[in-house]
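Before any comments, here is the structure.
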Amino acid sequence: MNNKERFLSIYKDKITRSGSEKLLHFLEEKSDFFTAPASTKFHGSYQGGLVEHSLQVYDCLVDYLERRRVNDVYELSYSDETIAIVSLLHDLCKCDVYKTQMRNKKIDGQWQQVPTYVFDDMLPYGHGEKSVYMISGYMRLTREEAFAIRYHMGFSSSEPASQVGKAFELFPLAFALSTADMEATYFLEQIKKNSSMKNTPE
């Protein structure tokens, strides 16, 4: 099962609220969600990187919320639908913002024209808040879902630290999603890079 197939399987199984089918139609037919990168040069900076990253965040969030301490001490519990929504759709803002341009790059001592991604957002509405805005055009989010997506960048965002901290305090799902996002970005991406290097012939 490839990433698109797995995303569709989870989405259709877990997300059933009103408007979810129209949102999925947008993702499949009217956006580049399944082919877009997740960034220009950092995590997931390749075709299909966005859907792959979204699935990684889903896996990390599911795992985080299954931890004994999270359940027994923090007493966090969310529906399968909420978990799928905030993780699979947290970076919806990255649809249709990455364009391909040819740039010069020195390869083996020779300058060559190579395709690279550049960021060109025609709807500059922020990051997490833009994802909330886009999702809300199709289906309603709970307040905690909206805050989780809005603040999933955590303290690495440009928001005042006190504001991020308050959002985490009021909406623990925001902290959980931010933790899953960082784990996917910094750990899983590095594991993938290391694996790729090991499999590269010398």
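Okay, so the sequence shown: first residue is 5 according to this note's numbering, each after it adds one.
Glycine is no exception: its CB is placed at the ideal position from the N, C-alpha and C atoms.
Residue nearest to D124 in terms of C-alpha spacing, selected from I195, H131, E79, K103
In the sequence shown, residue 124 corresponds to position 120, counting from 1. Of the candidates I195, H131, E79, K103, the one whose C-alpha sits nearest the C-alpha of D124 is K103.
Just to confirm, are I153 and L27 a CB contact at a threshold of 8 Å?
The residue given as residue 153 occupies position 149 in the sequence shown. The residue given as residue 27 occupies position 23 in the sequence shown. Result no, Cβ atoms of I153 and L27 do not sit closer than 8 Å.
Exposed or buried, H29, counting other C-beta atoms within 10 Å across all chains shown (16 or more means buried)?
Numbered from 1 along the sequence shown, position 25 holds the residue referred to as residue 29. Answer is exposed; the Cβ neighbour count stays below 16.
Quick check on DSSP: helix, strand or coil for Y121?
Counted from its first residue, the sequence shown places residue 121 at position 117. Y121 falls in the strand class under three-state DSSP.
Looking only at its own chain, which residues have a Cβ that is under 7 Å from the Cβ of V90, when we skip the five neighbours before and after it?
Taking the sequence shown and counting its residues from 1, one reaches residue 90 at position 86. Exclusion of the five residues before and after V90 leaves E149, A152, I153, L177, L181 as the residues of its chain whose Cβ lies within less than 7 Å of its Cβ.
Tell me the rounded alpha-carbon separation between S13 and L93.
Numbered from its first residue, the sequence shown carries residue 13 at position 9. Numbered from its first residue, the sequence shown carries residue 93 at position 89. Cα to Cα, the separation comes out at about 14 Å.
For Y102, write down the residues that DSSP places opposite it in a beta bridge.
Translated into positions along the sequence shown, residue 102 becomes position 98. DSSP, once it has assigned bridges, lists F123 as partnering Y102.
On a CA-only basis, which of S83, Y62, H131 is nearest S161? Give me that one, please.
Reading the sequence shown from its first residue, position 157 is the one you call residue 161. Nearest of S83, Y62, H131 to S161, Cα basis: H131.
Starting from M5, follow the alpha helix (DSSP H) in both directions and report where the run begins and ends.
For the purposes of this step, residue 5 is identified with residue 1 of the sequence shown, where counting begins at 1. Neither: M5 is in no alpha helix (DSSP H) and is coded neither H nor E.
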